[in-house]
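Q:
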Amino acid sequence: MKRALFPGTFDPITLGHTEIIERGLDLFDEIIVGVGVNSAKQTMFSLEQRILWIQEYFLKYHHKVKVMPFDGLTVDFAKKHEIKFLLRGLRSAPDFEYEKHIFLLNKHLDDKIETVFLVSDTQYIGISSTLVREIIKYQGKLEGLVPQNIINSINKGINPNS
Ligand code: ADP
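Sequential numbering of the sequence shown, starting at 167, is according to my numbering.
1. Examine the Cβ distances between the segment 234 to 247 and the segment 184 to 192 and report whether three or more of them are shorter than 8 Å.
2. By how many angstroms is the C-alpha of residue 320 removed from the C-alpha of residue 328?
3. For the segment 222 to 242 against the segment 197 to 204, are there 3 or more C-beta pairs whose distance is under 8 Å?
4. Would you mind reading off the limits of the alpha helix (DSSP H) that contains residue 275?
5. What residues come near ligand 1, if near means a beta carbon less than 7 Å from any of its heavy atoms?
6. Is the beta carbon of residue 178 closer than 8 Å to that of residue 224?
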């Protein structure tokens, strides 16, 4: 059973993230989306909301995509859940530089866990959760950036955390 962990904050999940997960499904039997609790980082949306949106989006893959909250070191979480692979998305050279350090750190902590990087499709390269949060704040157009279930929730007036 090839199981991968896709860790992130997903505040909120974007079409850039979902594309990486969907492509990851061709490589792995199961993908655990680890939603960071990260107490140091103030998020726009609650942990429950971020998890719910991902679960809703991947409903048809619920047997292959599991969503779990996680705190602490990524490698510890992976070990605890018998996960051998970490899945990460790359958009650009700065992403690569940042991810390289995380990769080396994780390797230092546990060299049995391998990281697999997938390069984002061109249409998703410009998307980030930070950008999406700005658009939400100023009520801009979200189509093409986040899944439709998130747009529906926001249009219904889901309140951000702040
Ligand atoms: P964090 O910034 O807390 O690590 P994110 O939720 O922003 O978490 O990102 C999680 C993963 O998704 C990272 O590997 C990141 O590089 C990747 N990612 C973010 N946005 C995109 C995108 N548009 N296309 C591909 N990968 C992405």
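Each residue gets a CB set at the ideal place from its N, CA and C atoms; glycine is no exception.
Just so you know, these numbers come straight off a predicted model, no measurement behind them.
A: On the basis of the supplied data:
1. no
2. Any reading at residue 328 must be qualified, since the residue scores a pLDDT of 45, below 50, and its modelled position is unreliable; no value is offered.
3. yes
4. 259 to 275
5. 172, 173, 174, 175, 176, 177, 180, 182, 183, 185, 186, 202, 254, 255, 256, 257, 261, 265, 286, 290, 291, 293, 294 and 295
6. no
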